[in-house]
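Residue numbers (my numbering): 13 to 456. Even for Gly, the Cβ is constructed at its ideal location relative to N, Cα and C. In what follows, a structure is listed as structure tokens, so that the remarks can point back to it.
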């Protein structure tokens, strides 16, 4: 009589066989598991690349050759992840986009800021520009590393800091000419970075002693003075197309990717004009978002660019005879604002839809507001950008997204901008209403 003739007997036999097999397998794992676990933990504790003889594993009737232990959690990480293989140049770009909570809540619109002060070389958007200019000069044979070549530039500070940092990292020297009305923190930092610094009397751009013209002249004179075969290169940040191109290839795409293409306005100031032109060209021409995205210039008092955008005429009220106090832009703000149209600004001027004029007082109030409400400590140009971002936000429907730029840290503006804020008594003043602080209507 076979088991197939008795279903109950067949089922009972199968259960017995399964039970026995389970016991045998359990005994096998009982032998193997402690050994496997101890070997795995020991391997994780050991420094990478070192080996240690753990001895033979325990014998088991169920296991043949020793099992190779693998930590797939560690193996899944590549060496390059998190490592800047290009040194300090690899720390430039891909800065986070920060939601400024207090401004977003006050306006009912999302206000985001590109944290460009987190760029790793000179801690400003000028890192992108400096790297682009150096690479382009190398491609053209105008610079050769480790041969004594010197980069000359006329700058109010930030570009010089970026150039000085990258120059050292990439095998060059830096010679910076800057106006003597800029904060001492910037020239002191340049000296610590190993750059040669010339602080010169403020002069109009038409003067051969203007800081930009002086830097150009120093570069031309380099070969005859050095007499060692090294080259002098004038970076020419105001006119070099490598400036705005850096933002077409990096800043613009980053903003588009970080917002998922959901950006309604981009707001930025203009010194050289490279940032606003480059981002505008990417958003409107490359990303084909011209119909949706508004590009707005943030312009400090004393600069003529506001009227150039709004009315087509380069003019500032401070240019009137008898009213002009300074030779450059009549403002406490550094880094943005100019009374001429540069090649970089011209590259995107037709793509700029509007402009917002920002007073020194508004910039100061915004700087304190950001510290008190968001823990964000920035300089004057960033404050100008944020005021203009609020003004722009109020012209858009609720829920819109405005992107602006936080250029550099307030630590570079202690002796001038932040000193002025203290003199205004704003550090003891507790602000409760953003619009009242800025002197703005709640509705555009």
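Distance, residue j Cα to residue i Cα
i	j	result
residue 386	residue 113	7 Å
residue 188	residue 453	43 Å
residue 371	residue 241	49 Å
residue 225	residue 166	7 Å
residue 429	residue 408	31 Å
residue 289	residue 445	33 Å
residue 416	residue 181	30 Å
residue 160	residue 254	23 Å
residue 61	residue 100	In this prediction, residue 61 scores a pLDDT of 46, lower than 50, which makes its location untrustworthy; no coordinate-derived value is stated.
residue 439	residue 380	7 Å
residue 230	residue 145	18 Å
residue 363	residue 374	26 Å
residue 205	residue 176	6 Å
residue 432	residue 315	20 Å
residue 324	residue 361	10 Å
residue 504	residue 116	Since the first residue of the chain shown is 13 and the last is 456, residue 504 is not available in this structure.
residue 110	residue 301	22 Å
residue 228	residue 119	45 Å
residue 133	residue 192	24 Å
residue 239	residue 156	16 Å
residue 170	residue 148	20 Å
Cutoff 7 Å; reference residue i; Cβ partners in own chain excluding five residues on either side
i	result
residue 322	367
residue 284	249, 250, 255, 354, 356
residue 199	190, 209, 211
residue 421	129, 135, 389, 390, 391
residue 257	144, 290
residue 270	109
CB contact flag (residue i, residue j, <8 Å)
i	j	result
residue 286	residue 141	yes
residue 268	residue 303	no
residue 136	residue 419	yes
residue 347	residue 311	no
residue 293	residue 359	yes
residue 138	residue 107	no
residue 376	residue 450	no
residue 102	residue 262	no
residue 378	residue 395	yes
residue 217	residue 184	no
residue 427	residue 195	yes
residue 384	residue 448	no
Bridge partners - residue i, DSSP secondary structure assignment
i	result
residue 308	279, 366
residue 245	163
residue 190	211
residue 418	127
residue 110	125
residue 407	Residue 407 is not bridged to any residue.
residue 390	421
residue 413	122
residue 320	Residue 320 pairs with nothing; no bridge assigned.
residue 296	According to DSSP, which records beta bridges pairwise, residue 296 is partnered with nothing at all.
residue 198	DSSP lists no partner for residue 198.
Short CB-CB distance (under 8 Å) between residue i and chain C
i	result
residue 398	In the structure shown, chain C cannot be found, because there is only a single protein chain.
Per-residue burial, residue i [other beta carbons within 10 Å of its own, 16 or more giving buried]
i	result
residue 236	exposed
residue 121	buried
residue 333	Confidence at residue 333 is low in this model, with a pLDDT of 44, below 50, so the placement of that residue should be treated as unreliable; the coordinate-derived value is given next. With fewer than 16 other Cβ atoms within 10 Å, it is exposed.
residue 31	exposed
residue 178	buried
residue 313	buried
residue 131	buried
residue 336	Any answer about residue 336 is weak, because its pLDDT of 45 lies below 50 and its placement is not dependable; what the coordinates show is given next. Classification of residue 336: exposed, given that the 10 Å Cβ count is below 16.
residue 351	buried
residue 296	buried
residue 94	exposed
residue 232	exposed
residue 97	exposed
residue 152	exposed
residue 63	Reliability of the predicted coordinates at residue 63 is poor, the pLDDT of 44 falling under 50, and the value obtained from them is presented with this limitation in mind. With fewer than 16 Cβ atoms within 10 Å of its Cβ, residue 63 is classed as exposed.
residue 425	buried
residue 275	buried
residue 73	Confidence is the limiting factor: at residue 73 the pLDDT is only 48, short of 50, which leaves the residue's position unreliable, though a coordinate-based value still follows. With fewer than 16 other Cβ atoms within 10 Å, it is exposed.
residue 344	buried
residue 406	buried
residue 203	exposed
Contacts around residue i, its chain only, beta-carbon distance under 8 Å, and the 5 residues preceding and following it disregarded
i	result
residue 219	225
residue 326	316, 317, 319, 320, 351, 352, 353
Beta-carbon contacts of residue i that lie in its chain and below 6 Å, excluding the five residues immediately before and after
i	result
residue 221	215
residue 404	277, 279, 308, 414
residue 243	161
residue 154	245
residue 207	176, 186, 188
residue 369	311, 318
residue 338	Confidence is the limiting factor: at residue 338 the pLDDT is only 45, short of 50, which leaves the residue's position unreliable, though a coordinate-based value still follows. For residue 338, where only same-chain residues beyond five positions count, there are no Cβ hits under 6 Å.
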